[in-house]
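Visitor:
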Amino acid sequence: MKIGTFSIKVWRWFSMLFVIGSLMWTYSVFPEQVAVDFAASGLAEIYVNKEHLFYIIMGFFILNNVVISAFAKQIPKIDASHFPVPNRKIWSQPQYRDQLNEHLINWIFCIVAGINTVIGFSLLALATINSNQFKLSVFDFVWVSYLGLALLLLIFLFPLRLLKTPTPEEEDTY
Numbered sequence: 510m511k512i513g514t515f516s517i518k519v520w521r522w523f524s525m526l527f528v529i530g531s532l533m534w535t536y537s538v539f540p541e542q543v544a545v546d547f548a549a550s551g552l553a554e555i556y557v558n559k560e561h562l563f564y565i566i567m568g569f570f571i572l573n574n575v576v577i578s579a580f581a582k583q584i585p586k587i588d589a590s591h592f593p594v595p596n597r598k599i600w601s602q603p604q605y606r607d608q609l610n611e612h613l614i615n616w617i618f619c620i621v622a623g624i625n626t627v628i629g630f631s632l633l634a635l636a637t638i639n640s641n642q643f644k645l646s647v648f649d650f651v652w653v654s655y656l657g658l659a660l661l662l663l664i665f666l667f668p669l670r671l672l673k674t675p676t677p678e679e680e681d682t683y
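For the sequence shown, position 94 matches number 603 in my numbering, and the numbering has no gaps at all.
1. At the level of alpha carbons, what is the spacing between Leu666 and Lys673?
2. According to DSSP, Gln542 sits in a beta bridge with which residue or residues?
3. From Val538, Thr676 and Ile529, pick the residue whose C-alpha is nearest to that of Asn641; which is it?
4. How would you call Asn596, buried or exposed, if buried means at least 16 neighbouring beta carbons within 10 angstroms?
5. Flag this pair as touching only if the region 553-560 and the region 576-591 have three or more C-beta atom pairs under 8 Å; answer yes or no.
6. With a threshold of 6 Å on Cβ separation, who are the neighbours of Phe527 within its own chain once the five nearest residues in sequence on each side are excluded?
7. So, using beta-carbon positions, are Leu572 and Pro675 closer together than 9 Å?
8. Alpha carbon to alpha carbon, how far is Ala636 from Leu662?
9. By Cβ distance, which residues of its chain are closer than 8 Å to Val627, with the 5 residues on each side in sequence left out?
10. Quick check: what's the CA-CA separation for Met525 versus Ser516?
11. Tell me whether Trp616 is buried or exposed, calling it buried when 16 or more other Cβ atoms sit within 10 Å of its Cβ.
12. So, for Cys619: in the same chain, excluding its five sequence neighbours on each side, which residues have a beta-carbon less than 7 Å away from its beta-carbon?
13. Is Ala581 helix, strand or coil when you go by DSSP?
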């Protein structure tokens, strides 16, 4: 297994644990009504029941980790000529199919891990904002939106690797 594939799988699994852990912790510290939308002044405008918020986040989590991950498992079954990738004729050759599959699956798993990471940090920020113990405003957590934007940019730049022509993998001769 390549180091890139390994690191993406580790990130994906840790991000899933991060969302589950942050969801369990935030559920225990949330008040019954959680402020989820704020005015320009920083005051809460819209509140949601904490049970409803829990189910909404779990729905996103299941959609993200089950449906999108299931799509990643279908990549090897799709004919390579149907993928909208640059250099499609070269990438669809049988000797490069494994590299193409690995690259596309890694990309999808990066999307899953990125969404999980943003959900986890958003939950922690929401719990801190709604806490009576900390006196932080919603504007103290603007970094979460910047983190999400940076992750999305990095993830959607990931397929740029497909612009380069593939190189044949060296076979081990032992």
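Each residue gets a CB set at the ideal place from its N, CA and C atoms; glycine is no exception.
Guide: On the basis of the supplied data:
1. Reading the sequence shown from its first residue, position 157 is the one you call residue 666. Reading the sequence shown from its first residue, position 164 is the one you call residue 673. Those two C-alpha atoms are separated by around 13 Å.
2. Mapped onto the sequence shown, residue 542 falls at position 33. Gln542 is bridged to Asn558.
3. For the purposes of this step, residue 641 is taken as residue 132 along the sequence shown, with counting starting at 1. Comparing Cα-Cα distances from Asn641 to each of Val538, Thr676 and Ile529, the minimum goes to Val538.
4. Within the sequence shown, the letter at position 87 stands for residue 596. So Asn596 counts as exposed.
5. Taking a contact to require three or more Cβ pairs closer than 8 Å, the region 553-560 and the region 576-591 do not qualify as touching.
6. Locating residue 527 in the sequence shown gives position 18, counting from the first residue. Excluding sequence neighbours, Phe527 sits near Gly629.
7. The residue you call residue 572 lines up with position 63 of the sequence shown. The residue you call residue 675 lines up with position 166 of the sequence shown. No, Cβ-Cβ distance for Leu572 and Pro675 is not below 9 Å.
8. The residue you call residue 636 lines up with position 127 of the sequence shown. The residue you call residue 662 lines up with position 153 of the sequence shown. Each residue's Cα considered, the two are about 26 Å apart.
9. On the sequence shown, residue 627 is found 118 positions in, with the first residue counted as 1. Val653, Leu656, Gly657 and Leu660.
10. Numbered from its first residue, the sequence shown carries residue 525 at position 16. Numbered from its first residue, the sequence shown carries residue 516 at position 7. Each residue's alpha carbon lies about 14 Å from the other.
11. To locate residue 616, count along the sequence shown from 1; it is residue 107. Under this definition Trp616 is a buried residue.
12. For the purposes of this step, residue 619 is taken as residue 110 along the sequence shown, with counting starting at 1. Around Cys619: Ile517, Ile664 and Phe667.
13. Within the sequence shown, residue 581 is the residue found at index 72, counting from 1. Of the three classes helix, strand and coil, the one that applies to Ala581 here is helix, per DSSP.
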